[in-house]
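Scroll down for the structure; my scribbles are underneath it.
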DNA sequence: TAATGAACACGCTGTTCATGT
DNA sequence: ACATGAACAGCGTGTTCATTA
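Protein chains in written order, with the working numbering: chain A, 1 to 122; chain B, 1001 to 1122.
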């Protein structure tokens, strides 16, 4: 087993978190996540969102709706093609299993870090 | 900057923690650390201790005393060569800088994990 | 067997670059 | 510039193997 939780599953967790509420697309989800993490002092690389999305697609937890054009007011090019994501039919169920696993990981990592803080900084 | 804290600095922190109290050697420190982490659900690979020790040596925070023979009661071979470690002259000062950096890392990681726990599991 | 440490393999991830609109 | 994604490079680390007493 790995020492710490990876960035990939962490991001996937937030992708699901966002898609719980609404459909969205890559960069939009990423900038939302960046907003959360900025206060914690970390900025994930933009490209990581696509790796997370790819894995969730392969696991058939999410799917793409067909590409859609989003209007861009005022710029030279008024339309930008984006790819929207949403849960699949059984996606939410599968997501629950994934999240259950990840909860364990999170707690384990929190346990180790808290221990290190307690033992070494006091 | 990296997403999560690495195992290496984590282990180095505990090496220093142990050497704060007494001299020790690789496997002994590792088994002590394994004892701590076992309750948290993780077992680090044994060889990692040597990588940590190597880095602390290179940073001149710790040094080796000369090799010493440790008695082993009852077995066929009664002596086992071990390498004892202790702080260098200025080691404790340097260690403080290292720990100061690592405290920041720890807090940052704790912040992110707690956020993920709060946002996704409630 | 206890102890040290080297060697190997591989996944993760941070950065950069390519492509299209 | 916005959005997607491929490609590359390097580090960390988990496992295994080698060596010595």
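From the three backbone atoms N, C-alpha and C, an ideal C-beta is built for every residue, glycine too. Owing to the predicted nature of the structure, the values given are computational and were not obtained by experimental measurement.
Determine, for residue i, whether the minimum Cβ-Cβ distance to residues of chain A falls below 8 Å.
{"i": "residue 1042 (chain B)", "result": "yes"}
{"i": "residue 1120 (chain B)", "result": "yes"}
{"i": "residue 1036 (chain B)", "result": "yes"}
{"i": "residue 1091 (chain B)", "result": "no"}
{"i": "residue 1052 (chain B)", "result": "no"}
{"i": "residue 1033 (chain B)", "result": "no"}
{"i": "residue 1021 (chain B)", "result": "no"}
DSSP three-state call for residue i: helix, strand or coil?
{"i": "residue 81 (chain A)", "result": "strand"}
{"i": "residue 1062 (chain B)", "result": "strand"}
{"i": "residue 14 (chain A)", "result": "helix"}
{"i": "residue 1047 (chain B)", "result": "coil"}
{"i": "residue 1087 (chain B)", "result": "strand"}
{"i": "residue 1042 (chain B)", "result": "coil"}
{"i": "residue 1094 (chain B)", "result": "helix"}
{"i": "residue 67 (chain A)", "result": "coil"}
{"i": "residue 111 (chain A)", "result": "helix"}
{"i": "residue 1006 (chain B)", "result": "coil"}
Spell out whether any CB of chain B is found under 8 Å from the CB atom of residue i.
{"i": "residue 95 (chain A)", "result": "no"}
{"i": "residue 117 (chain A)", "result": "yes"}
{"i": "residue 4 (chain A)", "result": "yes"}
{"i": "residue 46 (chain A)", "result": "no"}
{"i": "residue 56 (chain A)", "result": "no"}
{"i": "residue 1 (chain A)", "result": "yes"}
Would you call residue i buried or exposed, if buried means 16 or more other Cβ atoms sit within 10 Å of its Cβ?
{"i": "residue 1112 (chain B)", "result": "buried"}
{"i": "residue 105 (chain A)", "result": "buried"}
{"i": "residue 1058 (chain B)", "result": "exposed"}
{"i": "residue 35 (chain A)", "result": "exposed"}
{"i": "residue 25 (chain A)", "result": "buried"}
{"i": "residue 74 (chain A)", "result": "For residue 74 (chain A), the predicted structure reports a pLDDT of 45, less than 50, and the residue's modelled location is therefore unreliable. The matter cannot be settled from this model."}
{"i": "residue 52 (chain A)", "result": "buried"}
According to DSSP, what are the bridge partners of residue i?
{"i": "residue 1031 (chain B)", "result": "BP columns for residue 1031 (chain B) are empty, so no partner."}
{"i": "residue 1025 (chain B)", "result": "B:1084"}
Kindly indicate which residue of the options has the alpha-carbon position closest to the one of residue i.
{"i": "residue 95 (chain A)", "options": "A:3, A:5, A:14 and A:2", "result": "A:14"}
{"i": "residue 83 (chain A)", "options": "A:90, A:67 and A:89", "result": "A:67"}
{"i": "residue 32 (chain A)", "options": "A:121, A:114 and A:18", "result": "A:18"}
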